[in-house]
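Take a look at the structure below.
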């Protein structure tokens, strides 16, 4: 029996799957803290040089005399703010080595504790990118291990190590230790997310995979709402990090197999049929489906044909190669812009906490739109969201360049529309990519595209470091808008995959339309028979349910 057919007999999304989803997706809340928390741990902490020989110097003026001393010692920039790196000593402009920080938004950040400003500002960007370097490392080296050691082992090890890293992080004694811990945080966070996602997807029927994939993203957004709630009341980065890390200890219970079982599909792929049948029987009992004899002749469609042969088949088809290049660009740009807008929300101006909350709302609705892909189609949804994001980002530069501070809300609003579009694209690109490529190369393509996305996210923190003044906000948005529209135009060449039969072999792509026509004709001919079979199965399930009640 085919594995997916067995899952349908177990019920596509019964109580067992729902319970498993709650267990597997719960730590996703903690994962959602790891990336955007940079807005608060490494927030834009305003600073200026410390006045020499003034021990009680503070960023805020303490008196008129203190203010006069600041004005005489610290150069004033054209926008009216104080220079953060220069100081006037005996009439000479010099670079300072001590700073004081504004306490109105943050009481203490990583920036203020380790002085990641001026000549050390590159360490600020590196501290943010270290997390994504860890994700790249995990994508290349650790995530594939889930196929070797099992999904469950990957999840429990990753969650435990993620807890250890996050609980130790507040005790970093220098910035280098903090950067290493952020790197390890990225390694274990992505390793967990990949393993959890696979476990969830492998125990539901195909008809529920779009819904399940969307729900894990909504759980991620829920975690971001919790993050901004904690960050609003805890303004010291050490205490905030501790508050976020302590609840992660709950994942220690995942080491107990009764809490988190292994994926039956993986067990079957490894020939461990008895263990798989035991888990499937438990699922059947929980779902109140009575199987007197579970079939032992399971058949998995996946066949290991070797990496060399898979790559040869991918590059053999010019049609698939062009398709892969376009999709790779999509993954890179979507991740680049999504994390660029998420991690630099504090540099848009206005209130950081309000901006972050609005960003989470936009992300929530963006992911929610993915549920409608089965109605709108994959391609129309993808193009609409990409063009919406690109045009919004482009339009948001005009209030920056031609307006004043009173028009800043327009720029923020347009940026949030861009976040809505790119979040929807982030959610649907997984499904769309999987449907565009044949089975024999699907895993390889997804892996390469995921690697491209990690590269995009790694360089995103540096976008706001390449310009000063008003261009620091306008230039990144200009780049975001241009690259998004270019990729959206390229995506017009992609085919629609809604309700289409998935390709199995590379050569199927060369006569794809003929295959879809034949498949549609066959489905039409069998529709009456399928309807009868559906009625028969419904009657059988009803009879089994009545017997179970007796």
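Residue numbers (our numbering): 15 to 564. Even glycine gets a Cβ: it sits at the ideal position worked out from N, Cα and C. Keep in mind the model is a prediction, meaning the values are calculated, not measured.
Per DSSP, residue 103 is paired with what?
-> For the purposes of this step, residue 103 is taken as residue 89 along the chain shown, with counting starting at 1. 106, per the DSSP bridge assignment.
Per DSSP, which one or two residues make a beta bridge with residue 115?
-> For this step, residue 115 is matched to residue 101 along the chain shown. In the DSSP output, where bridge partners are listed per residue, residue 115 has 61.
Other residues of its chain near residue 27: CB distance less than 6 Å, five sequence neighbours each side excluded = Working through the chain shown from its first residue, we reach residue 27 at position 13. Cβ within range, chain order: 218, 222.
For the stretch 232–274, list the alpha helix (DSSP H) runs that are entirely contained and at least 4 residues long, ordered along the chain.
-> Runs of alpha helix (DSSP H) with 4 or more residues, each lying fully within the stretch 232–274, are found at 251–259, listed in chain order.
Return the CA-CA distance between residue 389 and residue 502, expressed in angstroms with no decimal places.
-> Start at 1 with the first residue of the chain shown, and residue 389 comes out as number 375. Start at 1 with the first residue of the chain shown, and residue 502 comes out as number 488. When rounded, the distance between both Cα atoms is 20 Å.
What residues in its chain sit with their C-beta under 8 Å from that of residue 538, if we drop five residues either side in the sequence?
-> As a working note, residue 538 is residue 524 in the chain shown. Here the model assigns residue 538 a pLDDT of 46, short of 50, so the residue's position is not dependable, and the following value carries that caveat. No residues qualify anywhere along the chain.
Ignore the nearest five residues each way along the sequence and tell me which others in residue 210's own chain have a CB closer than 6 Å to its CB.
-> Numbered from its first residue, the chain shown carries residue 210 at position 196. For residue 210, where only same-chain residues beyond five positions count, the Cβ hits under 6 Å are 38, 169.
Per DSSP, what kind of secondary structure is residue 30 in: helix, strand or coil?
-> Mapped onto the chain shown, residue 30 falls at position 16. It is helical.
Can you check DSSP and say which residues form a bridge with residue 416?
-> Translated into the one-based positions of the chain shown, residue 416 becomes position 402. Residue 416 is not bridged to any residue.
May I ask you to verify whether the stretch 404–415 touches the stretch 437–444, counting CB pairs closer than 8 Å and requiring at least 3?
-> Inter-segment contact for the stretch 404–415 and the stretch 437–444 is absent: fewer than three beta-carbon pairs are separated by less than 8 Å.
Residues near residue 451 by beta carbon distance below 6 Å, same chain, minus five either side | Indexing the chain shown from 1 puts residue 451 at position 437. 459.
Residues of its chain near residue 352, where Cβ-Cβ distance is below 6 Å and the 5 sequence neighbours each way are ignored | Position 338 of the chain shown, counted from the start, is the residue given in the question as residue 352. Correct list, in chain order: 436, 440.
Contacts around residue 91, its chain only, beta-carbon distance under 7 Å, and the 5 residues preceding and following it disregarded = For the purposes of this step, residue 91 is taken as the residue at position 77 of the chain shown. So the list reads 97, once near-sequence residues are dropped.
Can you tell me the Cα-Cα spacing of residue 401 and residue 384, whole angstroms?
-> One-based indexing of the chain shown puts residue 401 at position 387. One-based indexing of the chain shown puts residue 384 at position 370. So the alpha carbons of these two residues sit roughly 16 Å apart.
Does the beta-carbon of residue 348 have 16 or more other beta-carbons within 10 angstroms, so that it is buried, or is it exposed?
-> For this step, residue 348 is matched to residue 334 along the chain shown. Under this definition residue 348 is a buried residue.
Residue 214 beta carbon less than 8 Å from that of residue 205 | Residue mapping note: residue 205 aligns to position 191 of the chain shown, counting from 1. Residue mapping note: residue 214 aligns to position 200 of the chain shown, counting from 1. Going by C-beta atoms, residue 205 is not nearer than 8 Å to residue 214.
To which residues does DSSP link residue 96 through a beta bridge?
-> As a working mapping, residue 96 is identified with position 82 in the chain shown. Paired residues: 90.
Helix, strand or coil: which one does DSSP assign to residue 284?
-> One-based indexing of the chain shown puts residue 284 at position 270. Correct three-state label for residue 284: coil.
Can you list the alpha helix (DSSP H) stretches of 4 or more residues lying completely in the stretch 132–220, in chain order?
-> Annotation: the stretch 132–220 contains the following complete segments of the alpha helix (DSSP H) (minimum length 4 residues), in chain order: 135–151, 160–163, 165–182, 189–216.
Assumed close pair residue 157, residue 76 - CB separation to whole angstroms, cut-off 8 Å | Taking the chain shown and counting its residues from 1, the one referred to as residue 157 is at position 143. Taking the chain shown and counting its residues from 1, the one referred to as residue 76 is at position 62. Not really, about 53 Å apart at Cβ, beyond 8 Å.
Excluding the 5 residues preceding and the 5 following residue 198 in the sequence, name in chain order all residues of the same chain whose CB lies nearer than 8 Å to its CB.
-> For the purposes of this step, residue 198 is taken as the residue at position 184 of the chain shown. These residues qualify, in order along the chain: 148, 175, 179.
Consult DSSP for residue 23 and reduce its assignment to one of helix, strand or coil.
-> Indexing the chain shown from 1 puts residue 23 at position 9. Looking at residue 23 - three-state DSSP - the assignment turns out to be helix.
Nearest residue (CA-CA) to residue 299, options 357, 24, 19 | Numbered from 1 along the chain shown, position 285 holds the residue referred to as residue 299. Nearest of 357, 24, 19 to residue 299, Cα basis: 24.
Apart from the five residues just before and just after residue 132, which ones in its own chain have a Cβ nearer than 6 Å to its Cβ?
-> Against the chain shown, residue 132 aligns to sequence position 118. The residues are 99.
Whole angstroms is fine: what's the gap from residue 22's alpha carbon to residue 290's?
-> On the chain shown, position 8 is the one that residue 22 refers to. On the chain shown, position 276 is the one that residue 290 refers to. Between residue 22 and residue 290, the C-alpha separation is close to 16 Å.
Compare the C-alpha of residue 386 against each of 275, 374, 399 and name the closest.
-> Translated into positions along the chain shown, residue 386 becomes position 372. For residue 386, the nearest C-alpha among the options comes from 399.
By DSSP, does residue 548 sit in helix, in strand, or in coil?
-> If you number the chain shown from 1, residue 548 lands on position 534. Confidence in residue 548 is poor, its pLDDT being 47 and thus under 50, which makes the residue's placement too unreliable to answer from.
On a CA-only basis, which of 232, 282, 350, 281 is nearest residue 377? Give me that one, please.
-> Translated into the one-based positions of the chain shown, residue 377 becomes position 363. Here the closest residue by C-alpha is 232.
Tell me, to the nearest whole angstrom, how far the beta carbon of residue 164 is from that of residue 276; I am working on the premise that it is less than 8 Å.
-> The count along the chain shown starts at 1 and reaches residue 164 at position 150. The count along the chain shown starts at 1 and reaches residue 276 at position 262. Residue 164 to residue 276, Cβ: 6 Å. Contact.
Report yes or no: do the stretch 264–274 and the stretch 413–432 share at least 3 C-beta pairs separated by less than 8 Å?
-> Under the 8 Å Cβ criterion, the stretch 264–274 does not count as touching the stretch 413–432, having fewer than three qualifying pairs.
Indicate the three-state DSSP secondary structure (helix, strand or coil) for residue 223 in the structure shown.
-> Reading the chain shown from its first residue, position 209 is the one you call residue 223. Reduced to three states, the DSSP call for residue 223 is helix.
List the residues that DSSP assigns as beta-bridge partners of residue 122.
-> Mapped onto the chain shown, residue 122 falls at position 108. Looking at the DSSP assignment, residue 122 forms a beta bridge with 250.
Environment of residue 66 [buried if 16+ CB atoms lie within 10 Å] | Numbered from 1 along the chain shown, position 52 holds the residue referred to as residue 66. The residue in question, residue 66, is exposed, as its Cβ has fewer than 16 Cβ neighbours within 10 Å.
Whose C-alpha, out of 514, 461, 506, 480, is nearest the C-alpha of residue 152?
-> Taking the chain shown and counting its residues from 1, one reaches residue 152 at position 138. Comparing Cα positions, the closest option is 461.
N-terminal and C-terminal residue of the alpha helix (DSSP H) that residue 437 is part of | As a working mapping, residue 437 is identified with position 423 in the chain shown. Residues 422–450.
When you compare only the Cα positions, how much space is there between residue 184 and residue 508?
-> On the chain shown, residue 184 is found 170 positions in, with the first residue counted as 1. On the chain shown, residue 508 is found 494 positions in, with the first residue counted as 1. The straight-line gap from Cα to Cα measures roughly 47 Å.
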